[in-house]
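The structure under discussion appears below in the form of C-alpha cells.
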Ligand code: ZN
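In my numbering, the protein residues as written are 419 to 854.
Here it is as C-alpha cells:
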C-alpha cells in the first residue's frame, strides 16, 4: 500500500471514531475481520499458541494479541502501547442552559485542549449512552449525531479588540456552553436532552435513558494538504494516528505469522493522567499479561521471567518544528515533518526512553530503512508525558517512547506528514516481527 493510501485509511478511521468508544469499536471490527477472538474478562480463558485474541475493558480501552509459538518465558511480550482518547469537551450530566431565547449545552473540559480552536467549528456529539431495558437491566449503546449540531461562535473583533495581540481567552465555566437551539423555556420539556438522545439512539424511549458520556467532536472530515498533498489534517491525530499505525503493522501477514507473543494495548484516559480502571496506570495491562501467561500454563516465576524478556514501544505523537515559532523549540532538536519517527528523550523520565531502548529502536529503524529523529524539550519549559513511564514502572519492562512529528497538538485540527505515517507502520512491523 502506498503512503497516501495508508493515510487515506487513517483519515477514514478517525472520521469513524468521534470518541474513544467508537475508536475501540472500529479497531475491534477490524480485528474480528482478521479472525481475532473476543475474550471476556469474566470468563475462563483457554488460549492456544498462534491464537489471535482481543479484550475490551469498559468499551474504550482494548488489548489485542497473538500468542506466540515460542515459549513466552524465553521470549517475553513485544508490546506496543498507545492511547485512544483525545482532549476536548464533554457534555455535562444536566447540560441544558436556557436563557436569552437560546438553548445552550454545558460542557466540561477533558484534558488540555487548545480551547480557542473549538470556536467556529462544525461541532456535533458522539459517545456512549446507558439506558434501562424493558426487563429492567442496564444496557449501553454508542451514539453519534452525524450532522453539525452545536457551535461555539467567536466574539466579533469589534467587541474583543485585543484578540490578535493577546490571543483568544475563554472562561471555562462561562464562555464554553455550546449553542444548540432557539427553543425557549415555555417550549422546553424537562426531558428535552433525553428526547434528543433517544431520537438518535436505536429503539430507546426518552424515559429509558439514564446516563451518558458524550464528546463534542468536529464533523469536518480529514483531508490532505500541501503542494504535493504531503501533509494531512484531522482531529485526534494525537493519538489515533499511533493506534492506526500499530493496528496496520500488527495485521501485516509477516507479523501475524511471527512466532513471538505480540501485544497492542490502547488505553483511554491518557489525557487526564491514566488513573482509572481502564487507564495505562490501572490494572488493565498487568491483568491481561498475567492472564495470558496463566492461560498458557506459565507459572508465577515464568511470568516474571517473561516480563524481564519483554520490550514495549510507547507510541504517542511528537512536536514538529513550526518555523513561525522558533523560540518554542530546542534549537538542536528540531523535529521535521516527513523525516521519520521521533525518539523522545527526557532526563527526568517524563519519557521512558533510555540509551538501550533508544538504540534498539534505532536498530529497527535501520533494519526497516526508516529515517528517525530525536526529540528533547526545551530545558526551560515543562515537558509533557506519555503512558510509557507508567507501564514500564508498573511492569519493569524496558520501554522506548516514540511518536510521529505533528503540528498543533491538542488543537481540534492537527496536522502531520504522510510519509511519517508509512514510516511508523514500517518500523512497528519490523519490531513485531524481529527475532530479537
Ligand atoms: Zn498523546
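The C-beta atom is built at its ideal place from N, Cα and C for all residues, glycine as well.
Scanning 753, 851, 786, 765 for the CA closest to the CA of residue 821 turns up 753.
With 16 or more other Cβ atoms inside 10 Å of its own Cβ, residue 457 counts as buried. For the set 514, 430, 711, 726, the Cα lying nearest the Cα of residue 603 is the one of 514. Each residue's CA atom was taken as its position, placing residue 635 and residue 824 some 20 Å apart.
Between ligand 1 and residue 419, a heavy atom-to-CB distance of less than 7 Å is absent. Here residue 799 is exposed, its C-beta having fewer than 16 other C-beta atoms within 10 Å. For residue 491, the enclosing alpha helix (DSSP H) covers residues 490–493.
Between residue 702 and residue 682, the CB-CB gap reaches or exceeds 8 Å. Each residue's CA atom was taken as its position, placing residue 595 and residue 541 some 12 Å apart. Listed as beta-bridge partners of residue 643 by DSSP are 649. Taking a 10 Å sphere around the C-beta of residue 782, we find 16 or more other C-beta atoms and assign the residue as buried. Using a C-beta cut-off of 8 Å, the segment 736–754 makes no contact with the segment 774–789, since fewer than three inter-stretch Cβ pairs fall below that distance.
Between residue 756 and residue 531, the alpha-carbon positions lie close to 25 Å from each other. By the CB criterion at 8 Å, residue 477 and residue 558 fall inside the cutoff.
For residue 695, same chain residues with a beta-carbon under 8 Å away, outside a window of 5 residues either side, are 475, 476, 701, 702 in chain order. The closest heavy atom of ligand 1 lies less than 7 Å from the beta carbon of residue 501. Between the segment 672–688 and the segment 494–508, the count of C-beta pairs closer than 8 Å reaches three or more; the two stretches touch. Within the same chain, 533, 534, 594 come within 7 Å of residue 588 by CB-CB distance, once the 5 residues on both sides are set aside.
Residue ranges of uninterrupted beta strand (DSSP E) with 3 or more members, entirely inside the segment 670–718 and ordered along the chain, are 679–685. In this structure, ligand 1 has no non-hydrogen atom nearer than 7 Å to the beta-carbon of residue 686. Ligand 1 has no heavy atom closer than 7 Å to the beta-carbon of residue 764.
Among the bridge pairs identified by DSSP, residue 819 is matched with 732.
Per DSSP, residue 558 is one residue of the beta strand (DSSP E) stretching across 556–562. Residue pairing for residue 496: DSSP places it in a beta bridge opposite 680, 729. Residue 735 has its CB nearer than 7 Å to a heavy atom of ligand 1. For residue 440, the closest of 543, 664, 517, 708 by C-alpha to C-alpha distance is 543. Exposure of residue 675 is indicated by the presence of fewer than 16 other C-beta atoms within 10 angstroms of its C-beta.
For the 8 Å CB-CB criterion, residue 851 and residue 817 do not form a contact. Residue 538 has its alpha-carbon roughly 11 Å from the corresponding atom of residue 597.
Pairing residue 555 with residue 546, the inter-Cα distance amounts to about 16 Å.
In the three-state reduction of the DSSP assignment, residue 593 falls in the coil class. For residue 511, the secondary structure class from DSSP, reduced to helix, strand or coil, is strand. The DSSP-derived three-state label of residue 847 is helix. Partner residues in the beta bridge of residue 516, as assigned by DSSP, are 521. Bounds of any alpha helix (DSSP H) do not take in residue 466, whose DSSP letter is neither H nor E. Between residue 678 and residue 553, the alpha-carbon positions lie close to 46 Å from each other.
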